[in-house]
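Enquirer: The opening residue of the sequence shown carries number 1 in this note's numbering; numbering runs sequentially from there. The beta-carbon is built from N, C-alpha and C at its ideal position, and this holds for glycine as well.
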Amino acid sequence: WVVRPFWDHYLVTGNLDFLRNRMVPVYKDLALFYEDYLTLTYKNGNYIFVPSFSPENNPGSLNPGCMAVINASMDISVCREVLSNLVEACELLGIEADNIPKWKAILAKLPPHLLEPDGTLKEWAWSDLGERYNHRHVSQCYGAWPGDEIDPDRTPQLAKAAVLANRKRVPERLAAHSHCQRALIGARLKDNYMVDSELRDLLEQGYVGTTLLCPHDPYTNMRIPDAQGGIPAVIMEMLAYSRPGVIEVLPALPYTLVRGSINGMLLRTSAKLDKLAWNMDAGTVDLTVTSQRKQ
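What follows is the structure, encoded as C-alpha coordinates:
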(Lines of atoms letter the chains of each structure in order from A; the text may use other names.)
(Lines give C-alpha, C1' and ligand atoms only; values in the text may rest on other atoms or scores of the structure.)
Protein backbone atom coordinates (compact mmCIF):
# COMPACT_ATOMS: atom_id res chain seq x y z
CA TRP A 1 0.00 0.00 0.00
CA VAL A 2 2.77 2.42 0.95
CA VAL A 3 4.99 1.37 -1.95
CA ARG A 4 2.28 1.73 -4.61
CA PRO A 5 2.85 5.48 -5.26
CA PHE A 6 6.51 4.73 -6.07
CA TRP A 7 5.45 2.18 -8.69
CA ASP A 8 3.18 4.87 -10.13
CA HIS A 9 6.21 7.20 -10.16
CA TYR A 10 8.03 4.67 -12.33
CA LEU A 11 5.02 4.37 -14.66
CA VAL A 12 4.88 8.16 -14.99
CA THR A 13 8.59 8.72 -15.55
CA GLY A 14 9.68 5.47 -17.22
CA ASN A 15 12.92 5.81 -15.24
CA LEU A 16 14.64 2.42 -15.52
CA ASP A 17 17.39 3.36 -13.06
CA PHE A 18 14.73 4.12 -10.46
CA LEU A 19 13.05 0.81 -11.28
CA ARG A 20 16.29 -1.16 -10.96
CA ASN A 21 17.82 0.54 -7.94
CA ARG A 22 14.79 1.57 -5.88
CA MET A 23 11.72 -0.48 -6.81
CA VAL A 24 13.19 -3.94 -7.36
CA PRO A 25 15.06 -4.05 -4.01
CA VAL A 26 11.91 -3.05 -2.10
CA TYR A 27 9.75 -5.57 -3.94
CA LYS A 28 12.35 -8.30 -3.40
CA ASP A 29 12.25 -7.67 0.35
CA LEU A 30 8.47 -7.90 0.29
CA ALA A 31 8.68 -11.11 -1.74
CA LEU A 32 10.90 -12.60 0.97
CA PHE A 33 8.19 -11.79 3.49
CA TYR A 34 5.54 -13.55 1.42
CA GLU A 35 7.79 -16.58 0.95
CA ASP A 36 7.93 -16.94 4.75
CA TYR A 37 4.33 -15.94 5.43
CA LEU A 38 2.48 -18.10 2.89
CA THR A 39 2.90 -21.54 4.43
CA LEU A 40 -0.65 -22.92 4.72
CA THR A 41 -2.74 -24.11 1.78
CA TYR A 42 -6.42 -24.97 1.43
CA LYS A 43 -7.68 -28.26 0.01
CA ASN A 44 -7.83 -26.65 -3.46
CA GLY A 45 -4.10 -25.92 -3.27
CA ASN A 46 -4.42 -22.15 -2.87
CA TYR A 47 -2.55 -20.35 -0.11
CA ILE A 48 -4.41 -19.22 3.00
CA PHE A 49 -3.61 -15.72 4.24
CA VAL A 50 -3.57 -16.13 8.01
CA PRO A 51 -3.49 -14.05 10.12
CA SER A 52 -5.06 -11.48 7.81
CA PHE A 53 -6.45 -7.99 8.44
CA SER A 54 -8.82 -5.75 6.48
CA PRO A 55 -8.27 -2.17 7.73
CA GLU A 56 -10.02 -1.48 10.07
CA ASN A 57 -13.04 -3.73 9.76
CA ASN A 58 -14.17 -7.10 11.08
CA PRO A 59 -16.47 -9.76 9.53
CA GLY A 60 -20.13 -9.26 10.31
CA SER A 61 -20.53 -12.93 11.13
CA LEU A 62 -18.04 -12.79 14.03
CA ASN A 63 -17.62 -11.05 17.34
CA PRO A 64 -16.52 -7.39 16.78
CA GLY A 65 -13.22 -8.21 18.52
CA CYS A 66 -12.27 -10.67 15.78
CA MET A 67 -10.15 -8.38 13.62
CA ALA A 68 -7.30 -10.69 12.55
CA VAL A 69 -8.95 -13.47 10.56
CA ILE A 70 -8.43 -15.23 7.19
CA ASN A 71 -8.00 -14.11 3.56
CA ALA A 72 -8.67 -10.37 3.66
CA SER A 73 -9.16 -9.42 0.00
CA MET A 74 -6.87 -6.41 0.37
CA ASP A 75 -4.02 -8.58 1.68
CA ILE A 76 -4.37 -10.88 -1.33
CA SER A 77 -4.54 -7.96 -3.78
CA VAL A 78 -1.43 -6.34 -2.32
CA CYS A 79 0.51 -9.62 -2.54
CA ARG A 80 -0.60 -10.11 -6.14
CA GLU A 81 0.42 -6.55 -6.98
CA VAL A 82 3.85 -6.85 -5.36
CA LEU A 83 4.80 -10.11 -7.06
CA SER A 84 3.28 -9.19 -10.44
CA ASN A 85 5.11 -5.86 -10.52
CA LEU A 86 8.34 -7.53 -9.40
CA VAL A 87 8.12 -10.13 -12.17
CA GLU A 88 7.28 -7.45 -14.74
CA ALA A 89 10.20 -5.27 -13.65
CA CYS A 90 12.73 -8.10 -13.62
CA GLU A 91 11.67 -9.42 -17.01
CA LEU A 92 11.95 -5.92 -18.47
CA LEU A 93 15.40 -5.41 -16.94
CA GLY A 94 16.60 -8.94 -17.75
CA ILE A 95 17.50 -9.77 -14.14
CA GLU A 96 16.59 -12.31 -11.42
CA ALA A 97 16.07 -15.14 -13.91
CA ASP A 98 16.47 -17.73 -11.13
CA ASN A 99 13.83 -16.15 -8.90
CA ILE A 100 11.11 -15.27 -11.43
CA PRO A 101 9.74 -18.87 -11.67
CA LYS A 102 9.46 -18.99 -7.86
CA TRP A 103 7.48 -15.74 -7.74
CA LYS A 104 5.23 -16.88 -10.58
CA ALA A 105 4.56 -20.14 -8.72
CA ILE A 106 3.38 -18.15 -5.68
CA LEU A 107 1.14 -16.01 -7.88
CA ALA A 108 -0.45 -19.14 -9.35
CA LYS A 109 -1.54 -20.28 -5.88
CA LEU A 110 -3.08 -17.04 -4.63
CA PRO A 111 -6.78 -17.36 -3.77
CA PRO A 112 -9.22 -15.67 -6.17
CA HIS A 113 -11.66 -12.95 -5.20
CA LEU A 114 -15.01 -14.20 -3.95
CA LEU A 115 -18.47 -12.68 -4.46
CA GLU A 116 -21.57 -12.58 -2.31
CA PRO A 117 -24.68 -14.31 -3.74
CA ASP A 118 -25.89 -10.92 -5.05
CA GLY A 119 -22.58 -10.35 -6.85
CA THR A 120 -20.92 -8.01 -4.33
CA LEU A 121 -17.15 -8.28 -3.94
CA LYS A 122 -16.40 -9.90 -0.57
CA GLU A 123 -14.08 -8.19 1.88
CA TRP A 124 -12.75 -11.59 2.98
CA ALA A 125 -12.17 -14.27 0.34
CA TRP A 126 -13.46 -16.95 2.68
CA SER A 127 -17.00 -18.24 2.33
CA ASP A 128 -17.71 -18.50 6.08
CA LEU A 129 -16.86 -14.85 6.79
CA GLY A 130 -19.84 -12.52 6.40
CA GLU A 131 -19.76 -8.91 5.25
CA ARG A 132 -20.15 -5.82 7.43
CA TYR A 133 -21.11 -2.90 5.22
CA ASN A 134 -21.46 -0.41 8.06
CA HIS A 135 -17.88 0.83 7.84
CA ARG A 136 -15.94 3.79 6.43
CA HIS A 137 -13.32 1.75 4.53
CA VAL A 138 -13.79 -0.22 1.32
CA SER A 139 -10.54 -2.15 1.52
CA GLN A 140 -11.66 -5.06 -0.67
CA CYS A 141 -11.63 -2.62 -3.59
CA TYR A 142 -7.85 -2.07 -3.33
CA GLY A 143 -7.53 -3.82 -6.69
CA ALA A 144 -9.51 -0.99 -8.30
CA TRP A 145 -7.74 1.83 -6.44
CA PRO A 146 -4.92 2.42 -5.70
CA GLY A 147 -4.14 -0.89 -7.42
CA ASP A 148 -4.76 -1.65 -11.08
CA GLU A 149 -6.04 -5.22 -10.91
CA ILE A 150 -9.76 -4.49 -11.37
CA ASP A 151 -11.28 -2.30 -14.08
CA PRO A 152 -14.40 -2.41 -16.30
CA ASP A 153 -12.44 -3.19 -19.48
CA ARG A 154 -10.23 -6.12 -18.44
CA THR A 155 -12.21 -7.58 -15.50
CA PRO A 156 -15.86 -6.57 -16.04
CA GLN A 157 -17.38 -9.04 -13.54
CA LEU A 158 -15.00 -8.03 -10.75
CA ALA A 159 -15.52 -4.35 -11.63
CA LYS A 160 -19.29 -4.73 -11.28
CA ALA A 161 -18.75 -6.55 -7.97
CA ALA A 162 -16.52 -3.71 -6.76
CA VAL A 163 -19.11 -1.10 -7.80
CA LEU A 164 -21.68 -2.92 -5.65
CA ALA A 165 -19.28 -3.12 -2.69
CA ASN A 166 -18.47 0.58 -2.99
CA ARG A 167 -22.10 1.68 -3.26
CA LYS A 168 -23.36 -0.54 -0.43
CA ARG A 169 -20.98 0.95 2.12
CA VAL A 170 -22.58 2.92 4.96
CA PRO A 171 -19.85 4.93 6.73
CA GLU A 172 -20.30 4.59 10.47
CA ARG A 173 -18.37 7.79 11.17
CA LEU A 174 -17.69 11.05 9.38
CA ALA A 175 -14.14 10.53 8.11
CA ALA A 176 -12.85 12.48 5.12
CA HIS A 177 -10.68 9.63 3.88
CA SER A 178 -13.79 7.48 3.48
CA HIS A 179 -15.26 9.92 0.96
CA CYS A 180 -11.91 10.18 -0.83
CA GLN A 181 -11.48 6.43 -1.03
CA ARG A 182 -14.99 5.77 -2.31
CA ALA A 183 -14.70 8.54 -4.92
CA LEU A 184 -11.31 7.29 -6.13
CA ILE A 185 -12.61 3.74 -6.40
CA GLY A 186 -15.65 5.08 -8.25
CA ALA A 187 -13.44 6.96 -10.69
CA ARG A 188 -11.45 3.83 -11.55
CA LEU A 189 -14.70 1.89 -12.03
CA LYS A 190 -16.22 4.63 -14.24
CA ASP A 191 -18.97 5.16 -11.66
CA ASN A 192 -19.55 8.88 -12.01
CA TYR A 193 -22.48 8.72 -9.57
CA MET A 194 -20.14 7.79 -6.70
CA VAL A 195 -17.57 10.37 -7.80
CA ASP A 196 -20.22 13.09 -7.87
CA SER A 197 -21.85 12.23 -4.54
CA GLU A 198 -18.63 11.74 -2.57
CA LEU A 199 -16.92 14.82 -4.04
CA ARG A 200 -20.02 16.89 -3.25
CA ASP A 201 -19.94 15.68 0.36
CA LEU A 202 -16.28 16.65 0.67
CA LEU A 203 -16.82 20.12 -0.78
CA GLU A 204 -20.22 20.92 0.74
CA GLN A 205 -20.29 19.17 4.13
CA GLY A 206 -17.50 20.90 6.04
CA TYR A 207 -14.46 18.90 4.93
CA VAL A 208 -12.76 21.96 3.39
CA GLY A 209 -12.00 24.77 5.81
CA THR A 210 -11.79 28.48 5.06
CA THR A 211 -7.99 28.13 4.89
CA LEU A 212 -8.40 25.16 2.49
CA LEU A 213 -7.20 22.79 5.21
CA CYS A 214 -9.10 19.52 4.83
CA PRO A 215 -9.59 17.96 8.29
CA HIS A 216 -10.39 14.37 9.22
CA ASP A 217 -13.82 15.31 10.62
CA PRO A 218 -16.16 17.96 9.16
CA TYR A 219 -16.47 21.43 10.68
CA THR A 220 -13.50 20.91 12.98
CA ASN A 221 -10.03 22.32 13.47
CA MET A 222 -8.41 18.90 13.71
CA ARG A 223 -4.81 19.15 12.58
CA ILE A 224 -5.07 15.96 10.52
CA PRO A 225 -5.16 16.93 6.81
CA ASP A 226 -7.16 13.85 5.90
CA ALA A 227 -8.50 14.90 2.49
CA GLN A 228 -5.70 17.33 1.66
CA GLY A 229 -4.38 15.28 -1.24
CA GLY A 230 -7.56 13.31 -1.74
CA ILE A 231 -9.67 15.97 -3.45
CA PRO A 232 -7.15 16.79 -6.21
CA ALA A 233 -6.55 13.06 -6.66
CA VAL A 234 -10.28 12.48 -7.18
CA ILE A 235 -10.42 15.29 -9.73
CA MET A 236 -7.47 13.91 -11.68
CA GLU A 237 -8.74 10.33 -11.65
CA MET A 238 -12.20 11.32 -12.88
CA LEU A 239 -10.69 13.33 -15.76
CA ALA A 240 -8.09 10.86 -17.04
CA TYR A 241 -7.37 7.19 -16.47
CA SER A 242 -4.02 5.79 -17.57
CA ARG A 243 -1.97 2.64 -17.50
CA PRO A 244 0.92 1.62 -19.81
CA GLY A 245 -0.42 1.76 -23.34
CA VAL A 246 -3.82 3.24 -22.41
CA ILE A 247 -5.13 6.76 -21.85
CA GLU A 248 -8.86 7.30 -21.35
CA VAL A 249 -10.20 10.82 -20.91
CA LEU A 250 -13.27 11.67 -18.83
CA PRO A 251 -13.82 8.12 -17.53
CA ALA A 252 -16.03 9.25 -14.63
CA LEU A 253 -16.99 12.86 -15.21
CA PRO A 254 -19.92 13.98 -12.99
CA TYR A 255 -22.81 14.95 -15.24
CA THR A 256 -23.00 18.43 -13.70
CA LEU A 257 -19.48 19.38 -14.83
CA VAL A 258 -20.52 20.31 -18.35
CA ARG A 259 -17.41 22.33 -19.16
CA GLY A 260 -13.92 22.51 -17.72
CA SER A 261 -10.20 22.08 -18.28
CA ILE A 262 -7.02 20.85 -16.63
CA ASN A 263 -3.39 21.41 -17.61
CA GLY A 264 -0.12 19.66 -16.83
CA MET A 265 -1.39 16.33 -15.51
CA LEU A 266 1.07 13.44 -15.52
CA LEU A 267 -0.04 10.07 -16.87
CA ARG A 268 1.03 6.49 -16.07
CA THR A 269 2.26 6.12 -19.64
CA SER A 270 5.50 8.13 -19.47
CA ALA A 271 3.49 11.02 -20.83
CA LYS A 272 2.03 14.37 -19.82
CA LEU A 273 -1.47 15.65 -20.46
CA ASP A 274 -0.49 19.19 -21.39
CA LYS A 275 -4.09 20.27 -21.91
CA LEU A 276 -7.53 18.74 -21.54
CA ALA A 277 -10.66 20.82 -22.14
CA TRP A 278 -14.18 19.50 -22.52
CA ASN A 279 -17.60 20.84 -23.45
CA MET A 280 -20.32 18.24 -23.03
CA ASP A 281 -23.00 20.51 -24.55
CA ALA A 282 -20.98 20.65 -27.76
CA GLY A 283 -19.77 17.05 -27.40
CA THR A 284 -16.14 18.05 -27.77
CA VAL A 285 -12.84 17.25 -26.06
CA ASP A 286 -9.62 19.09 -26.88
CA LEU A 287 -6.42 17.53 -25.60
CA THR A 288 -2.69 17.63 -26.12
CA VAL A 289 -0.45 14.80 -24.89
CA THR A 290 3.36 14.82 -24.90
CA SER A 291 5.23 11.55 -24.52
CA GLN A 292 8.54 11.47 -22.68
CA ARG A 293 9.77 8.60 -24.85
CA LYS A 294 9.17 7.04 -28.24
CA GLN A 295 6.10 4.83 -28.01
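Per DSSP, what are the beta-bridge partners of K294 in this structure?
Expert: Residue numbering aside, residue 294 sits at position 294 when the sequence shown is read from its first letter. Its beta-bridge partners do not exist; DSSP assigns none.
Enquirer: From L174, N44 and N21, pick the residue whose C-alpha is nearest to that of I95; which is it?
Expert: The residue you call residue 95 lines up with position 95 of the sequence shown. Comparing Cα positions, the closest option is N21.
Enquirer: Specify the secondary structure class of E248 as computed by DSSP and reduced to three states.
Expert: Here residue 248 refers to the residue found at position 248 when the sequence shown is read from its first residue. It is a strand residue.
Enquirer: Assuming contact is defined by CB atoms lying nearer than 8 Å, are A176 and A227 in contact in what I supplied?
Expert: The residue given as residue 176 occupies position 176 in the sequence shown. The residue given as residue 227 occupies position 227 in the sequence shown. Contact flag set, yes.
Enquirer: I need the DSSP call for D274, collapsed to helix, strand or coil.
Expert: Here residue 274 refers to the residue found at position 274 when the sequence shown is read from its first residue. Three-state DSSP puts D274 in a strand.
Enquirer: Would L174 and L121 be called neighbours here (beta carbons separated by less than 8 Å)?
Expert: The sequence position of residue 174 within the sequence shown is 174, counting from 1. The sequence position of residue 121 within the sequence shown is 121, counting from 1. Cβ atoms of L174 and L121: not closer than 8 Å.
Enquirer: Out of curiosity, what's the CA-to-CA distance linking K43 and P111?
Expert: On the sequence shown, residue 43 is found 43 positions in, with the first residue counted as 1. On the sequence shown, residue 111 is found 111 positions in, with the first residue counted as 1. Straight-line Cα distance between these residues: approximately 12 Å.
Enquirer: Which value, in whole angstroms, describes the spacing of the CA atoms of K168 and A125?
Expert: Along the sequence shown, read from residue 1 onward, the residue named residue 168 stands at position 168. Along the sequence shown, read from residue 1 onward, the residue named residue 125 stands at position 125. Using only the alpha carbons, I get a separation of about 18 Å.
Enquirer: So, with DSSP's three-state summary, where would you put Y142?
Expert: The residue given as residue 142 occupies position 142 in the sequence shown. DSSP places Y142 in coil when its eight states are reduced to three.
Enquirer: For D29, which three-state DSSP category applies?
Expert: What you label residue 29 is simply residue 29 of the sequence shown in a count that begins at 1. Note: D29 maps to helix in three-state DSSP.
Enquirer: Can you check DSSP and say which residues form a bridge with W124?
Expert: Mapped onto the sequence shown, residue 124 falls at position 124. The partner list for W124 (beta bridge, DSSP) reads A72.
Enquirer: As a quick exercise: from L250, G264 and M265, pick the residue whose alpha carbon is nearest that of V258.
Expert: Translated into the one-based positions of the sequence shown, residue 258 becomes position 258. Nearest of L250, G264 and M265 to V258, Cα basis: L250.
Enquirer: Taking only heavy atoms of the ligand MN into account, decide whether any of them is closer than 7 Å to the Cβ of G260.
Expert: For the structure depicted, the ligand MN is absent and the ligand set is empty, with no information on it obtainable.
Enquirer: Could you tell me which of V163, R132 and D118 sits nearest to G143, measuring between CA atoms?
Expert: Residue numbering aside, residue 143 sits at position 143 when the sequence shown is read from its first letter. Nearest C-alpha to G143: V163.
Enquirer: Please check the pair M265 and L253, which I expect to be a contact at CB under 8 Å, by giving their CB distance rounded to whole angstroms.
Expert: One-based indexing of the sequence shown puts residue 265 at position 265. One-based indexing of the sequence shown puts residue 253 at position 253. Contact doesn't hold; Cβ gap of about 14 Å is too wide.
Enquirer: Around the C-beta of E91, are 16 or more other C-beta atoms found within 10 angstroms, so that it is buried, or is it exposed?
Expert: In the sequence shown, the residue the question calls residue 91 occupies position 91. So E91 ends up on the exposed side.
Enquirer: Compute the beta-carbon to beta-carbon distance between V289 and A271, rounded to the nearest angstrom, for a pair I have assumed lies under 8 Å.
Expert: Taking the sequence shown and counting its residues from 1, one reaches residue 289 at position 289. Taking the sequence shown and counting its residues from 1, one reaches residue 271 at position 271. Their Cβ separation, rounded to whole angstroms, is 5 Å, which keeps V289 and A271 in contact under 8 Å.
Enquirer: Evaluate Y255 with the Cβ neighbour count: other Cβ atoms within 10 Å of its Cβ, from every protein chain shown; 16 or more gives buried, anything less gives exposed.
Expert: Within the sequence shown, residue 255 is the residue found at index 255, counting from 1. That one is exposed.
Enquirer: Please report the distance separating the alpha-carbon of G186 from that of L202.
Expert: Here residue 186 refers to the residue found at position 186 of the sequence shown. Here residue 202 refers to the residue found at position 202 of the sequence shown. Computed Cα separation, rounded: 15 Å.
Enquirer: With three or more C-beta pairs closer than 8 Å as the rule, is the segment 128–148 touching the segment 44–64?
Expert: Yes, since at least three Cβ pairs between the segment 44–64 and the segment 128–148 fall closer than 8 Å, the two stretches touch.
Enquirer: Excluding five sequence neighbours on each side, which residues of the same chain lie with their C-beta closer than 6 Å to the C-beta of L93?
Expert: As a working note, residue 93 is residue 93 in the sequence shown. The answer, listed in chain order, is R20.
Enquirer: Using a Cβ-Cβ cut-off of 7 Å (strictly less than) and excluding sequence neighbours within five positions of V195, which residues of its own chain qualify?
Expert: Here residue 195 refers to the residue found at position 195 when the sequence shown is read from its first residue. A183, G186, A187, V234, M238, A252 and P254.
Enquirer: According to DSSP, which residues form a beta bridge with R243?
Expert: Indexing the sequence shown from 1 puts residue 243 at position 243. Answer is V246.
Enquirer: From the DSSP output, read off the bridge partner residues of V289.
Expert: One-based indexing of the sequence shown puts residue 289 at position 289. DSSP output for V289 lists L273 as bridge partner(s).
Enquirer: So, is W103 buried or exposed, given that buried needs 16 or more other C-beta atoms within 10 angstroms?
Expert: Stepping through the sequence shown from its first residue, residue 103 is reached at position 103. That one is buried.
Enquirer: Nearest CA to the CA of L83: which residue from L115, L199 and L30?
Expert: Taking the first residue of the sequence shown as position 1, residue 83 is located at position 83. Taking only the C-alpha atoms, the option nearest L83 is L30.
Enquirer: Classify G229: buried if its beta carbon has 16 or more other beta carbons within 10 angstroms, exposed otherwise.
Expert: Taking the sequence shown and counting its residues from 1, one reaches residue 229 at position 229. Exposed is the call here.
Enquirer: Do N85 and Y27 count as a contact pair if the criterion is CB distance below 8 Å?
Expert: Locating residue 27 in the sequence shown gives position 27, where the first residue counts as 1. Locating residue 85 in the sequence shown gives position 85, where the first residue counts as 1. For Y27 and N85, yes; Cβs fall inside 8 Å.
Enquirer: Between the beta-carbon of N166 and the beta-carbon of K109, is there less than 8 Å?
Expert: For this step, residue 166 is matched to residue 166 along the sequence shown. For this step, residue 109 is matched to residue 109 along the sequence shown. No.
Enquirer: When you compare only the Cα positions, how much space is there between A68 and S127?
Expert: If you number the sequence shown from 1, residue 68 lands on position 68. If you number the sequence shown from 1, residue 127 lands on position 127. Taking the straight line joining both Cα atoms gives about 16 Å.
Enquirer: Give a yes or no on whether the C-beta atoms belonging to G206 and P218 are separated by under 8 Å.
Expert: Reading the sequence shown from its first residue, position 206 is the one you call residue 206. Reading the sequence shown from its first residue, position 218 is the one you call residue 218. Yes. Within cutoff.
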